[in-house]
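A quick write-up on the structure given underneath.
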RNA sequence: GGGUGAUUAGCUCAGCUGGUUUAGAGCACCUGCCUUACAAGCAGGGGGUCAUAGGUUCGAAUCCUAUAUUACCCA
């Protein structure tokens, strides 16, 4: 069967993925082997595959496949995250299009819609991961809102509440007026924007001629002012302290207070205090026991407490109040300035500080544990520098309590019940329990009122933050809170691969929950032996950016379509492209070009093209092998000698590379590892080995030689498999008939054997000489096919080299020579070049341009002269000789001696030319 | 405003513990090849004051300080 000249990834990829699934190769059950566990960072259930996922999951797949080949019990758990805000927003929008309002249909009906939607569209992303080749254990697919994982959330909530680590409190929060929910600080994105600073006059109540000017960005909130604050040392306002002023427009009287918080230099040095609508003002208000006047509705409109502009949106009100203030003569001036304004990560709405009752996790003890875990090296970060960011976040003075309640329905409902009769406030009695019945028992016990029934209780309306379920992911995917059997085997997981942007949202919190809960779930011996951490290492990927360095995002439309890329280049090609410029932690500038006309991103990539070309190269190497005729007759001729040399040499090179690869895998330098394998295959295997063993035109290849070549090829396919699984599996099967279950995906990673370093050096010289001869051919326009004669200077080294079995024959083959012999004389009328320290003389059948030759030699002589003098300078420096380590000094001496030998040779050659 | 990183060839990046690196790769570029596996290829080549200025050291792309540019994190 003859193969097409180009590798066709499309059919091949589906074929093999289905086959692997059919053979259940990705499924893991606990056994006696060492586990290699990876949990996927669960993508949003609403998500579609983007470049970040491609990178992230390619890396995980490489690690998992490598572990599988290395004989470990590899288990990669996939799943999705319910992503409360994002998904709820999507479902709300969808319902709105159908004319249904969330509030009208009620909680249960809404959740039905949401689940229906999730069942229909959720998990698309998981199917897309299959196209990438992700070797996840799909039987273990989990979802953060499925019953078992929700139970874990409730369990942990109750547990932490009982430990006094969760509390309910009235706090200033970041409110999203569009999603109508509170946000955690981390969900607020600050953006630098143009804003205006309004200078407003507040007139004294005791003297209508005196006024104080304040500067504010938010004039629409003046109706909520409760005081003006100045710095106690501010000379300008000493006479104002203790007096009162009228709020413009509404003429409510408010006091002027002194507080050192006020920045004398900012604005006018006087600050309006609006506790309901500013975090800092709230703190000052509390300190000075000032009232709180909240003039905004949850969706950001002015309420009746504002008394004017009621019903208007905050931004509309800002415009309108400007006119009113002007008319009232209260507006002194407006200044432009730059400030950063918080936006909701999900809806992009400008967040509103809002006072509300929320649930919090006390983070101080957690932070300490999490910081210590990484500091001590129990959890390792790659790259290490990520620790700085981690530390600055977890430091005691930076850590904030985690607000975990969200005013949404899509998520785990907070397991807290209140008495219906009580006013909703901080002091309200609360019964935290897994079920309503348990809560009722508590209520009866605590109130002493035995007649209470479920009807007297009301469950908290809110759900917990999504991250409150995903922080349990490494435990809950194994149902660890229910049954410790699996987790005892799989925990701790090996490595977490994620972007650094969710280091705080997720990574830090998983470390916290891991140390908090795994000791309760696993026995002490196991913990002592394996550790309590959720993962031993974290590999942080960079953000994927476009060629203008913008983060690739759906909203910018600057991300190529991941699936279209796979269509264009094959999954292997895309995996190659995505990985090859992705050192850990570094942002990746993905090279997809933009259409110059439409400015739309194209689904093209030079790097992916390189990956595709690599597949094609492999494919053609296979075609070469398959095209050879085979002979059983063994001849002890030159070809045989070459084949033996090539065989031993490639074996040495593979072993040498395996050592390097292991080091690169251990330190997670995967893009380097890929390049290493790429070069081994393209340069060593294809360009040198195959060319060496290639029989002359029309001649057959010896059976043994072909078998050796196939064995090498097969080994290389195993080594490349983690990076490019599809093409390697295909070639693996094309190479020879396979028994049932004899597949590349479950082949055995080669063990490292001793290898002959001298042989590698000898072949290096062979390559060097060959390249030099080819260059001379190029320069003198000598045809590749024309056979030439080569002499080499007699020396111990050249003598040994040329007498290694196969070298001479190999050199004749690669350099197209009819004769190679040693000489003690300078050979005239030849082109001289250096190989190592020795001189080589190439006889060419055209007249040599003496001037040109001289020029070439002079250039080389100059290079070595400069080189020698720099080494000499070093060596004659006494301080160097005295303080540098002996081996460095010896190396320098060797460098000098080699340089001098080379220089001498070149000078002689130059003299010969006359 | 506080912090962290980056700056190496036209582009995208390696270069780990300072010394076999007067700096490597891929792409792009130049020259020559449709050579019987592969033009998605082969053979060869050119191209860098390692951002700038100081310093430490026998020795600096690598360590330190400052500056510039740039990206991000936090408020």
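Numbering (my numbering), first residue to last: -1 to 912. For every residue, glycine included, the Cβ atom is placed at its ideal position computed from N, Cα and C. The model shown is predicted, which means the values in this text are computed figures rather than measured ones.
{"Item": "Taking buried to mean at least 16 other C-beta atoms within 10 Å of its own C-beta, is residue 860 buried or exposed?", "Value": "exposed"}
{"Item": "Looking at C-alpha atoms only, which residue of 170, 271, 302, 690 is the closest neighbour of residue 289?", "Value": "271"}
{"Item": "Between the Cα of residue 750 and the Cα atoms of 688, 656, 638, 286, which residue gives the shortest distance?", "Value": "656"}
{"Item": "Residue ranges of each alpha helix (DSSP H) run of no fewer than 4 residues wholly in the region 742 to 811, ordered along the chain?", "Value": "755 to 777, 794 to 801"}
{"Item": "Just how far apart, CA to CA, sit residue 253 and residue 458?", "Value": "38 Å"}
{"Item": "Starting from the N-terminal side, write out each stretch of the alpha helix (DSSP H) that is 4 residues or longer and does not extend beyond the region 102 to 167.", "Value": "122 to 130, 145 to 160"}
{"Item": "Considering only their Cβ atoms, is the gap separating residue 475 from residue 63 smaller than 8 Å?", "Value": "no"}
{"Item": "Taking C-alpha atoms, which residue in 296, 65, 40 lies nearest to residue 23?", "Value": "65"}
{"Item": "Am I right that residue 388 and residue 506 are in contact with their C-beta atoms under 8 Å? What's the rounded C-beta distance?", "Value": "7 Å"}
{"Item": "If you count every other CB in all the chains shown that lies within 10 Å of the CB of residue 395, and 16 or more means buried, which is it?", "Value": "exposed"}
{"Item": "In this structure, how does DSSP classify residue 610 when only helix, strand and coil are distinguished?", "Value": "helix"}
{"Item": "Would you call the region 378 to 386 in contact with the region 532 to 547, where contact means no fewer than 3 C-beta pairs closer than 8 Å?", "Value": "yes"}
{"Item": "Look up residue 715 in the DSSP assignment and say whether it is helix, strand or coil.", "Value": "helix"}
{"Item": "Out of 788, 821, 795, 792, which has the shortest C-alpha to C-alpha gap to residue 807?", "Value": "788"}
{"Item": "Could you tell me whether the Cβ atoms of residue 558 and residue 49 are closer together than 8 Å?", "Value": "yes"}
{"Item": "Taking 7 Å as the limit between beta carbons, can you name the residues of its chain near residue 468, skipping five residues before and five after?", "Value": "40, 79, 142, 504"}
{"Item": "With distances taken between CB atoms, is the gap from residue 28 to residue 724 smaller than 8 Å?", "Value": "no"}
{"Item": "Assuming the contact rule is C-beta atoms closer than 8 Å, residue 675 and residue 718 should be a hit. Round their C-beta distance to whole Å, please.", "Value": "5 Å"}
{"Item": "According to DSSP, is residue 80 part of a helix, a strand, or is it coil?", "Value": "coil"}
{"Item": "Within a Cβ cutoff of 8 Å, which residues of the same chain sit near residue 188, ignoring the five residues on either side of it in sequence?", "Value": "338, 339, 340, 341"}
{"Item": "Taking the alpha-carbon of residue 576 as reference, which of 755, 812, 53, 12 has the nearest alpha-carbon?", "Value": "53"}
{"Item": "Which same chain residues end up closer than 6 Å to residue 208 when comparing Cβ atoms and leaving out the 5 residues on each side of it in sequence?", "Value": "202"}
{"Item": "Threshold first: 4 residues or longer. Then list the alpha helix (DSSP H) segments lying entirely within the region 536 to 595, N to C.", "Value": "560 to 578"}
{"Item": "Under three-state DSSP, which class holds residue 251?", "Value": "strand"}
{"Item": "Beta-carbon within less than 6 Å of residue 192's beta-carbon, same chain only, minus the 5 sequence neighbours each way: which residues are those?", "Value": "none"}
{"Item": "Would you report the Cα separation of residue 303 and residue 603, rounded to the nearest angstrom?", "Value": "58 Å"}
{"Item": "From residue 154 to residue 495, what distance separates their C-alpha atoms?", "Value": "25 Å"}
{"Item": "List in chain order: all unbroken beta strand (DSSP E) runs of 3+ residues lying wholly within the region 249 to 288.", "Value": "251 to 256, 268 to 271"}
{"Item": "Roughly how many angstroms lie between the CA atoms of residue 950 and residue 708, to the nearest whole one?", "Value": "Residue 950 lies beyond the range of the chain shown here (-1 to 912); nothing can be said about it."}
{"Item": "From the DSSP output, in three-state form, read off residue 74 for me.", "Value": "strand"}
{"Item": "Apart from the five residues on each side of it in sequence, which residues of its chain come closer than 6 Å, Cβ to Cβ, to residue 86?", "Value": "406, 408"}
{"Item": "Within 10 angstroms of its Cβ, does residue 447 collect 16 or more other Cβ (buried), or is it exposed?", "Value": "exposed"}
{"Item": "With DSSP as the reference, please indicate the residues paired to residue 187 in a beta bridge.", "Value": "341"}
{"Item": "Using a Cβ-Cβ cut-off of 8 Å (strictly less than) and excluding sequence neighbours within five positions of residue 928, which residues of its own chain qualify?", "Value": "This structure cannot settle anything about residue 928, because the visible part of the chain is limited to -1 through 912."}
{"Item": "Can you give the Cα-Cα distance for residue 700 and residue 642, rounded to whole angstroms?", "Value": "11 Å"}
{"Item": "Which residue marks the beginning of the beta strand (DSSP E) containing residue 210, and which one marks its end?", "Value": "209 to 214"}
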